[in-house]
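This note's numbering applies: residue 4 is where the sequence shown begins, and numbers increase by one. Structure first, commentary second.
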Amino acid sequence: MIFPTGPGDLVRCFCCGIGLKDFNETDDPMEEHIKYASKCAYLETLFGAEELKRRLVKLLS
Ligand SMILES: [Zn+2]
4 MIFPTGPGDL
14 VRCFCCGIGL
24 KDFNETDDPM
34 EEHIKYASKC
44 AYLETLFGAE
54 ELKRRLVKLL
64 S
């Protein structure tokens, strides 16, 4: 799971270690994660390869 690391906006993925910050409250950290680290094994486990690809295409469009 993506979890807050403390005060502020930084969240970090326990799996691939990507840190996500500077997103505003309308951004979904999970979507940011897909956008910047779509190869993460955790995401693939969570969504499945096909769903992950579908979401990535949607995010990048
Ligand atoms: Zn990750």
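Each residue gets a CB set at the ideal place from its N, CA and C atoms; glycine is no exception.
For Lys-56, the enclosing alpha helix (DSSP H) has its first and last residue at 52-63. If you check the C-beta of Ile-37 against ligand 1, you find no heavy atom less than 7 Å away.
Straight through space, the alpha carbons of Ile-37 and Glu-47 are spaced by roughly 10 Å. Asp-30 and Phe-17 have their C-alpha atoms roughly 20 Å apart. Between ligand 1 and the CB of Leu-46, the shortest heavy atom gap is smaller than 7 Å. In this chain, Lys-24 is not harboured by any alpha helix (DSSP H), its DSSP state being neither H nor E.
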